[in-house]
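Our numbering numbers the first residue of the sequence shown as 103 and each following residue consecutively. We put the beta carbon where it would ideally sit given N, CA and C, even for glycine. Here the structure is a predicted model, which means the values were calculated and not measured.
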Amino acid sequence: MPSQAPVPKLSIAFIVRDPLPPIRADVLTLFGAEMPRYGVYTELVGQGGADAPGSPWAAGGMHVVGSLRSRFASVCSPLWDFLGLCRALREQRPDCLQVRDKIASGVLGRIMAALLRVPFVYWMSFPIVEGFEVRRDDIARQERSLKGRLKWAAHALRARASRLAIYKLVLPGARHIFVQSDAMADWLAAKGFDRARMTAVPMGVDAALFDRASVAPVDDARLDGRRVVLYLGRIAQSRKSDFLLDVAAELRQAVPDVLLVIAGDAPSDDEMAWMRREIRARGLDAHVLLTGWLPQRTALGYAVRAEVGLSPIPRGTLFDVSSPTKLVEYLALSIPSVANDIPDQRLVIEESGAGLCVPMEARAFADATLALLNDTELARQFAMRGPTYVKTHRTYDILGRNVARIYKKILTE
């Protein structure tokens with residue numbers, strides 16, 4: 103038999119916002135494991151995190167300049183990215199230059215792509231500009247001193263400059279825009295960007311990692327004899343994480359042995375202390391277990407001991423266009439779920455038939471959770487449907503195939 107022709111290789115110079123080496127699955131798994139299967143390799147450019155430089159990037163190269171732990175990171179990152187990009191260019195000439203979630207470096211990327219005469223692609227996983235504007239408005243409400251007003255002015259200037267840069271310079275110059283969800287694509291289309299130039303890449307899971315059969319339940323006596331309800335993920339005031347405590351308080355009235363396990367960390371010690379204070383203030387110490395940071399396998403060990411998984415995401419511009427991972431993770435692990443009605447979660451619930459979708463109200467979440475705790479047959483059906491849906495819609499091998507097809511299309515036009 104004739105030998106199969108080798109897959110032609112494409113190289114992407116990829117400037118990222120998150121710390122290097124990457125830990126996010128939509129970089130680590132999608133670009134590190136899946137894209138090379140289709141001949142798409144990446145030269146990662148960015149700043150180091152706590153563990154930089156870490157292991158080499160087998161899917162191409164990794165060029166770390168600067169550290170996100172530096173107090174000057176937000177100011178210096180465009181210069182650092184330029185230096186990192188120069189290092190990447192010494193390795194090879196890219197077929198494409200891509201920037202993820204950076205604004206000043208997005209302008210840099212567009213300019214460099216034009217000089218190199220290669221396509222410029224932008225990857226938007228979060229509405230960064232709108233996040234800056236929320237921070238600006240929070241400062242206006244909370245800080246009234248002269249120092250506070252100066253701080254507000256600096257954030258207002260950053261938000262204004264960022265809006266001009268991203269919507270007038272970066273996105274108009276992109277040959278293609280990858281977004282987090284169909285809702286984000288529709289949102290950008292409403293701002294005047296061509297919907298045909300956008301591809302939604304929702305968050306997915308690693309099918310092998312989230313195979314329930316491969317996860318060992320955690321041995322924690324605090325869960326024994328309890329009706330365990332789970333929240334898997336980070337907590338933060340901006341995410342209104344104390345909503346989970348309102349749900350726990352409602353559940354306690356109907357199910358005295360309920361235990362809400364919050365398996366996750368907070369972005370700061372202050373945020374974690376805030377959550378612990380809220381638990382004590384509500385008298386929920388016996389009904390809420392806040393684990394703090396856990397290794398992923400340990401967190402999954404807690405997850406598979408739960409009867410119901412919760413995924414409340416606040417409504418609003420910042421989160422309505424998001425694609426939360428936790429709901430898909432619950433489904434992959436056969437955990438019946440309750441989620442609120444941001445567009446991507448509503449879509450997943452409707453397509454999978456593996457959970458209940460309700461408004462983000464404590465009583466509604468509690469009622470839906472009780473329905474699953476009390477109806478074992480309904481919970482069993484949801485548990486069976488979840489993994490099947492995830493394996494056909496939201497694993498990174500499925501998403502990778504679609505993304506590779508788009509790259510081949512835009513890089514050969």
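query                                                                                                         : result
Endpoints, alpha helix (DSSP H) assigned at Ala-276                                                           : Segment: none, Ala-276 is in no alpha helix (DSSP H) and carries neither H nor E.
Beta-carbon proximity list for Ala-267, same chain, < 6 Å, skipping 5 on both sides                           : Ile-205, Val-209
Collapsed DSSP secondary structure at Gln-282 in the structure displayed                                      : coil
Within 8 Å, strictly: CB atoms of Ala-388 and Ala-365                                                         : no
Range covered by the alpha helix (DSSP H) that runs through Val-497                                           : Looking at the sequence provided, one finds Thr at residue 497 rather than Val. From DSSP, Thr-497 is part of no alpha helix (DSSP H); its letter is neither H nor E.
For Ala-310, the nearest candidate out of Asn-504, Arg-507, Lys-493, Glu-245 (CA to CA)                       : Lys-493
Cα-Cα separation between Pro-121 and Thr-131, rounded to whole angstroms                                      : 15 Å
Span separating the alpha-carbon of Glu-193 from that of Ala-161                                              : 14 Å
Beta-carbon proximity list for Lys-111, same chain, < 7 Å, skipping 5 on both sides                           : Gly-141, Tyr-143
For Val-220 and Arg-382, the rounded distance between their alpha carbons                                     : 57 Å
C-alpha gap between Asp-371 and Pro-180, whole angstroms                                                      : 29 Å
Cβ-based burial, Ser-247 [other Cβ within 10 Å; buried from 16]                                               : exposed
Buried/exposed call for Ala-216, threshold 16 Cβ in 10 Å                                                      : exposed
Identified DSSP bridge partners for Glu-145                                                                   : Ala-115, Gly-163
Arg-251 - containing alpha helix (DSSP H), residue span                                                       : 248-266
Length at least 3, wholly inside the stretch 399-446: the beta strand (DSSP E) runs in chain order            : 410-413, 439-442
Assigned exposure category for Pro-319 - 16 Cβ within 10 Å defines buried                                     : exposed
Beta-carbon spacing of Arg-407, Leu-474 below 8 Å                                                             : no
Rounded C-alpha distance that separates Arg-189 from Ala-261                                                  : 30 Å
Residue from Val-129, Gly-457, Phe-421, Gly-488 with nearest C-alpha to Glu-232                               : Phe-421
Asn-442, buried or exposed, once every other Cβ within 10 Å from all chains shown has been counted against 16 : buried
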